[in-house]
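Notes for the one structure printed next.
Chains as they are written, first to last, in the numbering used here: chain P, 2 to 126; chain S, 8 to 252; chain R, 101 to 412.
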């Protein structure tokens with residue numbers, strides 16, 4: 002009999018080997034400690050533009066991270082300048098604070114140029 | 008004319024066989040990021056080979072094409088140096104071979120940039136940018152392995168032992184290289200200087216310069232490895248002659 | 101509104117879920133499994149095609165194939181990174197692959213016998229993958245969706261090169277035409293299986309649709325693929341190996357024959373022609389690379405220590 006399993010594209014179910022491998026986050030023998038650190042990659046696609054987050058990768062050190070970023074994220078001439086930073090050094094805002102941090106900006110329409118009505122005669126402002 | 012053709016083929020064959028060897032890593036690298044890196048180098052080198060072959064084909068005429076040159080010449084007609092056809096073995100041997108070869112290409116292309124031949128000059132100038140990166144990438148790996156763990160040190164030293172004897176050939180001009188205006192003494196000096204400085208940083212000894220060197224690749228006397236490379240590479244063109252792919 | 105309702109509201113409103121947002125544990129687990137298995141498929145998928153890099157019949161084809169297989173490494177990398185934002189390391193995911201706990205697309209357990217297989221994979225297998233992947237660009241989890249946007253952008257050349265390769269064969273010698281038809285015959289059914297079991301055999305699809313991890317059902321996508329390929333195959337002057345394939349004017353779709361699900365589950369379960377070979381190749385690459393990765397780590401640590409002493 003065919004057992005029915007969850008199946009999405011790229012999802013072929015998983016085989017249970019033994020009960021000990023049940024735990025999704027059980028530590029692997031290779032160990033996280035031995036893994037090259039994770040880096041975030043930021044790429045400037047054109048002169049004059051900001052660096053934009055492109056993705057992440059693993060590298061043993063910063064020199065290698067930049068070279069890996071060049072090989073991984075600029076294969077199709079996507080960039081002219083690369084920043085890398087080790088992911089552990091990124092501090093992120095907490096989504097639970099979103100209301101406190103960003104909502105107040107919602108009612109400050111006067112920060113936007115369209116808030117101000119000027120006569121059509123005024124050009125280039 | 009024959010000399011120029013042979014010299015162009017020599018440049019092409021070196022790039023193709025080295026690129027072919029690198030491409031063997033695709034899907035089997037030590038980590039995903041480096042799998043991608045070495046495939047990039049393979050692509051650069053195959054691109055260079057195509058430029059040289061295309062130029063050689065126009066010199067030869069007779070309906071020669073980049074593919075007839077790459078796929079329908081036998082071992083004895085290939086002019087690549089012995090170094091590039093050596094097996095990849097492990098990562099140490101691979102990156103060291105790359106370092107020896109890319110450093111050679113780097114100083115050679117620098118001189119070729121000032122060659123009288125406009126085509127060779129243009130191809131070299133374009134390729135030099137790629138090769139600069141290959142030198143950097145492979146140097147860093149040689150240093151990492153030399154100054155990494157005991158295991159990596161052992162392996163890179165073994166690689167030096169095995170590959171060193173194929174480096175002498177790079178600086179022994181074949182007859183078709185004599186009129187190329189390449190200053191071989193200068194080429195060798197530069198190459199040696201770079202090898203010494205990187206080896207020093209990697210804490211590896213440089214073998215004696217007087218040690219014995221193998222040669223013959225440039226005139227078609229190859230190691231056994233090239234025959235297997237070509238058997239694999241040329242299989243389809245040989246099994247289904249006169250077909251478009 | 102409780103956390104779960106709030107979460108569902110966001111999903112319903114097409115607001116992307118980001119790694120630090122609250123999410124149901126089951127959603128996280130499902131995503132880890134789906135993304136990592138998708139990543140594994142890219143990496144294992146490098147092998148059947150990588151086989152032919154050293155045998156590609158022209159320098160142009162050789163360069164194209166290297167670039168394509170290399171792209172797959174890149175796609176695997178983007179996907180592993182997306183999964184890593186959910187709190188699992190790449191090493192752990194590899195471990196799941198190597199121990200056989202995690203699966204990858206069963207299609208890559210079939211062998212590439214001739215050069216035409218490279219074309220058939222590009223046209224059929226990548227074609228099927230693209231249909232699956234385009235809706236995933238709008239999947240509810242931000243990092244996954246962003247990775248898929250990048251993948252889809254790069255993937256577009258893969259299918260075209262496959263079709264072009266077959267087109268060249270189909271206009272070539274008798275032997276090449278035969279090679280072309282044979283490859284289509286062997287890859288057709290396995291590529292239909294890539295969409296997964298029929299919808300009535302995938303009871304969990306509903307949950308995934310609700311979470312917008314999945315946006316179309318297996319059968320919807322499969323039908324779309326068949327309709328598309330049944331037309332394209334005419335340009336090649338080749339046929340698809342299905343006697344029951346016929347346009348249905350009423351449904352405005354092609355009808356097609358029965359898929360051999362027994363074969364599918366056998367291949368998924370490890371009994372395909374190349375399962376062991378593929379997994380061994382991955383395990384060996386990883387094991388052989390261990391000393392390399394350690395050396396780089398050791399060197400980075402030494403360099404850091406030196407910098408610190410110099411600074412002190």
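Virtual Cβ for every residue (Gly too), placed ideally from N, Cα, C.
Where residue 55 of chain P is concerned, the enclosing beta strand (DSSP E) starts and stops at 52-59. Taking a C-beta distance under 8 angstroms as the contact criterion, residue 385 of chain R and residue 35 of chain S qualify as a contact pair. Inside the segment 213-264 of chain R, DSSP marks whole alpha helix (DSSP H) runs of 4 or more residues at positions 215-220, 226-236, from first to last along the chain. Of all alpha-carbon atoms in S:89, S:149, S:192, S:118, the one lying nearest the alpha-carbon of residue 236 of chain S is that of S:89.
For residue 82 of chain P, the enclosing beta strand (DSSP E) covers residues 82-87.
Residue 21 of chain S sits buried, since 16 or more C-beta atoms from the chains shown fall within 10 Å of its C-beta. Judged by DSSP in its simplified three-state form, residue 190 of chain S adopts coil rather than helix or strand.
Annotated as distal: residue 36 of chain P and residue 54 of chain P, with beta-carbon spacing of 8 angstroms or more.
Look at residue 60 of chain P: its C-beta is under 8 angstroms from a C-beta on chain S. Check the Cα spacing between residue 151 of chain S and each of R:283, R:308, R:403: the tightest is with R:403.
In the DSSP assignment, residue 348 of chain R forms a beta bridge with R:353. For residue 39 of chain P, DSSP records a beta bridge to P:59.
When Cβ-Cβ separations below 8 angstroms define contact, residue 98 of chain P makes no contact with chain S. With respect to residue 166 of chain R, residue 30 of chain S sits close: the two C-beta atoms are nearer than 8 angstroms.
Annotation: the continuous alpha helix (DSSP H) that includes residue 280 of chain R extends over 274-293.
DSSP, reduced to helix, strand and coil, places residue 77 of chain P outside both helices and strands of the structure shown, so it counts as coil. Of all residues in the segment 81-98 of chain S, none has a C-beta nearer than 7 angstroms to a C-beta of chain P. Look at the segment 176-201 of chain S: it has no residue with a C-beta under 8 angstroms from a C-beta of chain R.
Between residue 122 of chain P and residue 116 of chain P, the C-beta gap is not smaller than 8 angstroms, which leaves the two residues out of contact. Beta-bridge analysis with DSSP links residue 201 of chain S to no other residue. Look at residue 117 of chain R here: in three-state DSSP terms it is strand. Sequence-distant partners of residue 326 of chain R (beyond 5 residues in either direction) whose C-beta falls short of 6 angstroms from its own C-beta, in its chain, are 354, 356. Only buried fits residue 222 of chain R, as 16 or more other CB atoms lie within 10 angstroms of its CB. DSSP, read as helix, strand or coil, puts residue 133 of chain R in helix. The alpha carbon of residue 351 of chain R has as its nearest neighbour, out of R:364, R:320, R:342, R:359, the alpha carbon of R:320. Beta-carbon to beta-carbon, residue 57 of chain P and residue 270 of chain R are separated by about 42 angstroms, too far to satisfy the 8 angstroms threshold. Taking C-beta atoms under 8 angstroms as the contact rule, residue 338 of chain R and residue 281 of chain R qualify, at a distance of about 5 angstroms. Not a single C-beta of chain P is nearer than 8 angstroms to the C-beta of residue 208 of chain S.
If you draw a straight line from the Cα of residue 391 of chain R to the Cα of residue 157 of chain S, it comes to about 10 angstroms.
Residue environment for residue 312 of chain R: buried (at least 16 other C-beta atoms within 10 angstroms of its C-beta). Bridge pairing for residue 45 of chain P: P:52, P:82 [DSSP]. Apart from the 5 residues on each side of it in sequence, residue 195 of chain S sits with its Cβ closer than 6 angstroms to the Cβ of 178 in its chain, given in chain order. According to the DSSP assignment, residue 120 of chain S belongs to no alpha helix (DSSP H), since it is labelled neither H nor E. Fully contained in the segment 32-83 of chain S are the following alpha helix (DSSP H) runs of length 4 or more, in chain order: 39-67, 73-78. Taking residue 315 of chain R as the centre and dropping the five residues before and after it, the same chain places the C-beta of 235, 236, 238, 239, 309 closer than 8 angstroms to its C-beta, in chain order. For residue 36 of chain S, the closest Cβ of chain R is nearer than 8 angstroms.
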